[in-house]
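Just so you know, the sequences run in chain order L and R. The first sequence begins at 1099 in our numbering and counts up by one. The second sequence begins at 264 in our numbering and counts up by one.
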Amino acid sequence: DIQMTQSPSSLSASVGDRVTITCRASQGVGNFLVWYQQKPGKAPKSLIYAESRLQSGVPSRFSGSASGSGTDFSLTISSLQPEDFATYYCQQYHYYPITFGQGTRLEIK
Amino acid sequence: EVQLLESGGGFVQPGESLILSCAASGFTFSTYVMGWVRQAPGKGLEWVSSITDTGANTYFPDSVKGRFIISRDNSKNTLYLQINSLKAEDTATYYCAKGSAAASGYYFDYWGQGTLVTVS
Chain L
1099 DIQMTQSPSS
1109 LSASVGDRVT
1119 ITCRASQGVG
1129 NFLVWYQQKP
1139 GKAPKSLIYA
1149 ESRLQSGVPS
1159 RFSGSASGSG
1169 TDFSLTISSL
1179 QPEDFATYYC
1189 QQYHYYPITF
1199 GQGTRLEIK
Chain R
264 EVQLLESGGG
274 FVQPGESLIL
284 SCAASGFTFS
294 TYVMGWVRQA
304 PGKGLEWVSS
314 ITDTGANTYF
324 PDSVKGRFII
334 SRDNSKNTLY
344 LQINSLKAED
354 TATYYCAKGS
364 AAASGYYFDY
374 WGQGTLVTVS
């Protein structure tokens, strides 16, 4: 199984900050990488798919990128807004079993 | 507007079986992969099953293979998950999710609100 490792596990930041969350796959997954946002008590919401494509309706302050041979991925929020404080998950969909990162909890400083 | 509405969760005893349902609307159900993802209380997301558009192919992680059965009724726009021999570790919120494609190379672009299964 492909292991997805996110860092950091938690992060404190302020409104207006630029933050980056990283996700590393244990082997290459091409660009089959999606980022989700989940708020407490709510379902996950897709933000970025295919490594860097913005899901319809998602603000442009969210962006995704990759480096390495399909193993290292990043989610960047350019200017944090109050509604962005949530938990973020990466997920690979290149191979079965589909696997998620452990999540990154973004908290208000 | 895509809507996914899960039902069938509740309190069950270990060893029992349960069938979850997901009623879909707002898209052409029969042309997309559908899946189930669960989340134990306070934990992360775990994929537990997917089924291709026609229902011809189903997929499970080893952790649930043999106990979970996924199916769909395209005439009713409904997805099902049957969980057999329930264990305490199956306690979780189960989310129904729509795939972004018919069979492969898909991610989950829309999710339902979830249904809680408690095994105790």
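Beta carbons: idealized from backbone N, C-alpha and C, even for Gly.
| Would you say R:F290 and R:K361 are within 8 Å of each other, going by their C-beta atoms? | yes
| message | Taking 8 Å as the limit between beta carbons, can you name the residues of its chain near L:G1128, skipping five residues before and five after? | response | G1168, H1192
| query | How would you list, in chain order, the residues of chain L whose beta-carbon sits under 9 Å from the beta-carbon of R:Y358? | reply | A1141, P1142
| message | Assuming R:V380 and R:A355 are in contact, meaning their beta carbons sit under 8 Å apart, how far apart are those beta carbons, in whole angstroms? | response | Yes, they are in contact, since the Cβ atoms of R:V380 and R:A355 sit about 6 Å apart, within 8 Å.
| query | Is the beta carbon of R:Y322 sitting closer than 8 Å to the one on R:S284? | reply | Remark: C-beta atoms of R:Y322 and R:S284 do not approach each other more closely than 8 Å.
| Pick from L:A1123, L:Q1190, L:I1196, L:L1145 that is closest to L:A1184, judged by C-alpha positions | Nearest Cα to L:A1184 within the set L:A1123, L:Q1190, L:I1196, L:L1145: L:L1145.
| For R:F292, the three-state DSSP class (helix, strand or coil) | R:F292 falls in the helix class under three-state DSSP.
| said: What residue range does the beta strand (DSSP E) around L:R1122 cover? | reply: 1117-1123
| message | Looking at chain R, is there any beta carbon in it that lies within less than 8 Å of the beta carbon of L:V1127? | response | no
| query | Per DSSP, R:Q266 forms a beta bridge with which residues? | reply | R:S288
| What are the complete beta strand (DSSP E) segments, minimum 3 residues, inside the region 316-360 of chain R? | 331-336, 341-346
| field | Simplified DSSP state of R:E279, which is helix, strand or coil | value | Judged by DSSP in its simplified three-state form, R:E279 adopts coil rather than helix or strand.
| said: Between the alpha carbons of R:I282 and R:S334, how many angstroms are there, rounded? | reply: 10 Å
| request: Can you give me the start and stop residues for the beta strand (DSSP E) that L:I1206 sits inside? | output: That run of the beta strand (DSSP E) goes 1202-1206.
| request: Evaluate the contact criterion for the region 1118-1132 of chain L versus the region 265-278 of chain R: three or more CB pairs, one atom per stretch, below 8 Å. | output: Here the region 1118-1132 of chain L does not lie against the region 265-278 of chain R, with fewer than 3 beta-carbon pairs under 8 Å apart.
| task | Could you tell me the distance, in whole angstroms, from the CA atom of L:I1175 to the CA atom of R:P277? | result | 43 Å
| task | Output, in sequence order along the chain, the residues in the region 301-312 of chain R whose CB is closer than 8 Å to any CB in chain L. | result | The residues in question are G307, L308, E309, W310.
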